[in-house]
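A.B. asks:
Residue numbers (our numbering), protein chains in the order written: chain B, 1 to 87; chain Y, 88 to 463.
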């Protein structure tokens, strides 16, 4: 299982949890697994063309991911952040 | 009908509020914030049941969604499938909805139907009360779409399909307004569309009177005479009487020092000759604030042949209001009430058809939309 860090902006989807677990061999599959349990969460991170949204950041461990096709070995931590400054 | 208790659904850049009045529309109670921090472009109530509310929301970080309440705003659920374009095929433009801008309840004969307009321009429909949404190929995949929505065109918030209007006599007869192509008409329930912009100026294009390319800020299909359409365009105020197809620039009758630039036009629900505009400064670098810092609405009672200034109660000077296109509306009471929200977070009302104005709210975030409806 992949450990997933959920940012404050999305914790309402997960009953307030900041850390959950999900299964999948790619970021895309992990997000789809998350969406099955927390409906609607994926579309707020990824658009309809499967692109990570402009002000969302995804890291696999400490490595930034620019697309959801990135493969996962199975024991990493996936970190999702909202990254936007300004008012 | 008498004034009656009224509710104002207020969408802002930082969440939603509901103002509810007493039966005389004198005192107002404030409920909210709801969805604090969400960018609420439109917050509407379904006139067919007086109960269902939809919000078009996103945040700075998160993608766009639709929030639904079926109990008058007490509890909310998210749409299961918000408006989204189809996945792009090989070689096709990969469009993604940035935000839903306009929500339109369907025709009275279609109680579960809703329509939505988005940025970038896209038309979407729900047939289950807003739970799931699908793209409308008749517009989104129209062969002319790349020319109706040219790359680089749009507003500071992105190009918009900013409005949807339905003929109350015919669910298949629809109009849409866009910031990139002007007004379009469909007579087959959105299966096909044609431009409807004759004689409407686009002074930012080489051909100032093109077939399409105009920036239609707001259209009002008159509820008492659906053959009459008012338009506040980027380039002036217009009226079209169907079956005619040539718009008349009724803003030419506005005082020259005020001009006829603004974001919206509000018709009187019972009198097809009466409408209000909120003029803004469209000179020089387009400040889009009340001309001279003196807020006023202007009313026509002769379908645009003449206009009268209504400013009693507004600041007489140093009032630099901006009122966006969804933030000026009327109720259906007698006398009619008018309501507007400013980008400075103030809510103003007139209970006497524009004769006098008073502030009923302040210190809200930037107001994007105001919708008036009978209170429950």
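Quick reminder that beta carbons are idealized off the backbone N, C-alpha and C, glycines included. Predicted model only: the values in this text are computed from it and were never measured.
(1) Candidates 278/Y, 173/Y, 168/Y, 135/Y: which alpha carbon is nearest residue 157/Y's?
(2) From the DSSP secondary-structure annotation, give me the bridge partner or partners of residue 213/Y.
(3) Suppose contacts are defined by Cβ-Cβ distances below 7 Å. Is residue 204/Y in contact with residue 248/Y by that definition?
(4) Does the CB of residue 122/Y have a neighbour CB from chain B at under 7 Å?
(5) Using a Cβ-Cβ cut-off of less than 9 Å, list which residues of the region 132-153 of chain Y approach chain B; keep chain order.
(6) Below 8 Å between beta carbons is the criterion; list the residues of the region 49-70 of chain B that meet it against any residue of chain Y, in chain order.
(7) Please report the straight-line C-alpha distance between residue 10/B and residue 64/B, rounded to a whole angstrom.
(8) Taking C-beta pairs closer than 7 Å, name the residues in chain B that residue 172/Y reaches, listed in chain order.
(9) Using a Cβ cut-off of 7 Å, pull out every chain B residue sitting near residue 169/Y, in sequence order please.
(10) Could you please give me the residues that DSSP links to residue 394/Y through a beta bridge?
(11) Taking the alpha carbon of residue 30/B as the point to measure from, which residue in 76/B, 87/B, 84/B, 18/B has its own alpha carbon closest?
(12) Tell me whether the beta-carbon of residue 186/Y lies closer than 7 Å to the beta-carbon of residue 206/Y.
(13) Any beta-carbon of chain B closer than 7 Å to the one on residue 165/Y?
(14) Tell me which same chain residues have a C-beta within less than 8 Å of the C-beta of residue 314/Y, skipping the five on either side of it?
(15) Going by DSSP, what residue range makes up the alpha helix (DSSP H) through residue 27/B?
(16) With a threshold of 7 Å between beta carbons, is residue 281/Y in contact with chain B?
(17) Does any residue of chain B bring its CB to less than 7 Å from the CB of residue 181/Y?
(18) Using a 10 Å radius around the Cβ and a threshold of 16 neighbouring Cβ atoms, would you call residue 71/B buried or exposed?
(19) In chain order, what residues of the same chain have a beta carbon less than 6 Å from the beta carbon of residue 323/Y, not counting five sequence neighbours either side?
(20) Just list the alpha helix (DSSP H) runs in the region 226-266 of chain Y, keeping only unbroken ones of 4 residues or longer that don't cross its boundaries, in chain order.
(21) Which stretch, first to last residue, makes up the beta strand (DSSP E) that contains residue 319/Y?
(22) With three or more beta-carbon pairs closer than 8 Å as the criterion, would you say the region 45-54 of chain B touches the region 103-123 of chain Y?
(23) Out of 8/B, 33/B, 42/B, 1/B, which one is the CA nearest neighbour of residue 83/B?
(24) Let's see if you can read the secondary structure: which residues bound the beta strand (DSSP E) around residue 218/Y?
(25) Quick check on this structure: which residue in 188/Y, 147/Y, 198/Y has the alpha carbon closest to the alpha carbon of residue 86/B?
(26) Please check if any C-beta of chain Y sits within less than 7 Å of the C-beta of residue 72/B.
(27) List, from N- to C-terminal side, the alpha helix (DSSP H) runs of 4 residues or more that fit wholly inside the region 59-86 of chain B.
(28) Closest Cβ-Cβ distance between residue 258/Y and chain B: below 7 Å?
(29) Determine, using beta-carbon pairs with one atom in the region 89-108 of chain Y and one in the region 445-463 of chain Y, whether at least three such pairs fall under 8 Å.
(30) Across the region 189-196 of chain Y and the region 247-262 of chain Y, are there enough close Cβ pairs to call them in contact, namely three or more that are closer than 8 Å?
(31) For residue 285/Y versus residue 333/Y, is the C-beta spacing smaller than 7 Å?
(32) Thinking residue 455/Y and residue 139/Y are a contact (beta carbons under 8 Å), I'd like their distance in whole angstroms, please.
C.D. replies: Answer, in terms of the structure:
(1) Within the second chain, numbered from 1, the residue matching residue 157/Y stands at position 70. For the residues 278/Y, 173/Y, 168/Y, 135/Y, the minimum Cα distance to residue 157/Y belongs to 135/Y.
(2) Translated into the one-based positions of the second chain, residue 213/Y becomes position 126. Answer is 201/Y, bridged to residue 213/Y.
(3) Looking up residue 204/Y in the second chain gives position 117. Looking up residue 248/Y in the second chain gives position 161. Yes. Within cutoff.
(4) In the second chain, counting from the first residue as 1, residue 122/Y sits at position 35. Judged by the 7 Å Cβ criterion, residue 122/Y is not in contact with chain B.
(5) 145, 146, 147, 148, 149, 150, 151, 152
(6) 49, 50, 51, 53, 55, 56
(7) Taking the first residue of the first chain as position 1, residue 10/B is located at position 10. Taking the first residue of the first chain as position 1, residue 64/B is located at position 64. Their Cα atoms are separated by approximately 19 Å.
(8) The count along the second chain starts at 1 and reaches residue 172/Y at position 85. Under the 7 Å cutoff, chain B gives 48.
(9) By one-based count along the second chain, residue 169/Y stands at place 82. Within 7 Å Cβ-Cβ: 43.
(10) Numbered from 1 along the second chain, position 307 holds the residue referred to as residue 394/Y. Note: residue 394/Y sits in no beta bridge, so no partner.
(11) In the first chain, counting from the first residue as 1, residue 30/B sits at position 30. Among 76/B, 87/B, 84/B, 18/B, the Cα nearest to that of residue 30/B belongs to 76/B.
(12) Position 99 of the second chain, counted from the first residue, corresponds to residue 186/Y. Position 119 of the second chain, counted from the first residue, corresponds to residue 206/Y. Their beta carbons are under 7 Å apart, which means residue 186/Y touches residue 206/Y by this criterion.
(13) Numbered from its first residue, the second chain carries residue 165/Y at position 78. So yes, residue 165/Y belongs to the interface.
(14) Mapped onto the second chain, residue 314/Y falls at position 227. Correct list, in chain order: 328, 329, 330.
(15) As a position in the first chain, residue 27/B is number 27, starting the count at 1. Counting along the chain, the alpha helix (DSSP H) containing residue 27/B begins and ends at 27-37.
(16) Residue 281/Y sits at position 194 when you count from the first residue of the second chain. Interface flag for residue 281/Y against chain B is unset, since no Cβ pair is found closer than 7 Å.
(17) Along the second chain, read from residue 1 onward, the residue named residue 181/Y stands at position 94. Answer yes: the Cβ-Cβ gap between residue 181/Y and chain B drops below 7 Å somewhere.
(18) Within the first chain, residue 71/B is the residue found at index 71, counting from 1. It counts as exposed.
(19) If you number the second chain from 1, residue 323/Y lands on position 236. Result list for residue 323/Y: 336, 338, 347, in chain order.
(20) 232-235
(21) For this step, residue 319/Y is matched to residue 232 along the second chain. Residue 319/Y -> beta strand (DSSP E) spans 315-320.
(22) no
(23) Against the first chain, residue 83/B aligns to sequence position 83. That would be 8/B, whose Cα lies nearest to the Cα of residue 83/B.
(24) Position 131 of the second chain, counting from 1, holds the residue named residue 218/Y. Run containing residue 218/Y: none; DSSP gives neither H nor E here.
(25) What you label residue 86/B is simply residue 86 of the first chain in a count that begins at 1. Nearest of 188/Y, 147/Y, 198/Y to residue 86/B, Cα basis: 147/Y.
(26) For the purposes of this step, residue 72/B is taken as the residue at position 72 of the first chain. It does not; no Cβ of chain Y falls within 7 Å.
(27) Fully enclosed alpha helix (DSSP H) runs of 4 or longer: not present.
(28) Within the second chain, the letter at position 171 stands for residue 258/Y. Interface with chain B (7 Å Cβ-Cβ cutoff): residue 258/Y is excluded.
(29) yes
(30) In this structure the region 189-196 of chain Y lies against the region 247-262 of chain Y, because at least three pairs of beta carbons, one per stretch, are closer than 8 Å.
(31) Sequence index remark: in the second chain, residue 285/Y carries index 198 (1-based). Sequence index remark: in the second chain, residue 333/Y carries index 246 (1-based). Closer than 7 Å, so yes.
(32) Reading the second chain from its first residue, position 368 is the one you call residue 455/Y. Reading the second chain from its first residue, position 52 is the one you call residue 139/Y. The pair is not a contact, with the Cβ atoms about 20 Å apart (cut-off 8 Å).
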